[in-house]
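*Asks:* This is the structure I have questions about; it appears just below.
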Amino acid sequence: MTVTIYGIKNCDTMKKARSWLEDHGVAYEFHDYKASGMDRGHLESWIDQAGLDTVLNRAGTTFRKLPDAEREDLTREKAIALMLDQPSMIKRPVLETKGKLLVGFKPEIYAGTFGD
1 MTVTIYGIKN CDTMKKARSW LEDHGVAYEF HDYKASGMDR GHLESWIDQA
51 GLDTVLNRAG TTFRKLPDAE REDLTREKAI ALMLDQPSMI KRPVLETKGK
101 LLVGFKPEIY AGTFGD
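This is how it looks when you write it as structure tokens:
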């Protein structure tokens, strides 16, 4: 089974999610989208599956620091452009496995997904 977790290395929630995977013997690949960037195809797919409001981290500092004009009238295209330009606006972690997409970290959802 291929498990890929996307996020930012130093994020506390990412650290919890990665620790959970390691503690439960789940092998995974880690993609640091702050260091390696993110591609449009992944973002479009994630938004199609989970919705824009789930994928875009509106609560984060990066989004909140945007000028009002950039935050207003936020279309799908505008949001994708912002996330491509500043990947820290993508919620984290994003985990892909078994044809599933998990956004955010909740131990009980990980347990249900990995049969723990």
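Using my numbering, the letters of the sequence shown correspond one by one to residues 1 to 116. We put the beta carbon where it would ideally sit given N, CA and C, even for glycine. What you are looking at is a predicted structure, and each value in this text was computed from that prediction instead of being measured.
Determine the direct distance from the alpha carbon of ASP68 to that of PHE114, and round the result to whole angstroms.
*Replies:* Computed Cα separation, rounded: 41 Å.
*Asks:* In whole angstroms, what separates the C-alpha of LEU74 from that of LYS65?
*Replies:* Straight-line Cα distance between these residues: approximately 15 Å.
*Asks:* If we require 3 or more residues per run, which beta strand (DSSP E) segments fall completely within the region 57 to 105?
*Replies:* Runs found: 94 to 97, 100 to 103.
*Asks:* Cα-Cα, which of ALA81, VAL55, MET89, LEU82 is closest to LEU95?
*Replies:* Nearest option by C-alpha distance: VAL55.
*Asks:* Helix or strand or just coil, what does DSSP make of ASP39?
*Replies:* In this structure, ASP39 counts as coil in the three-state DSSP scheme.
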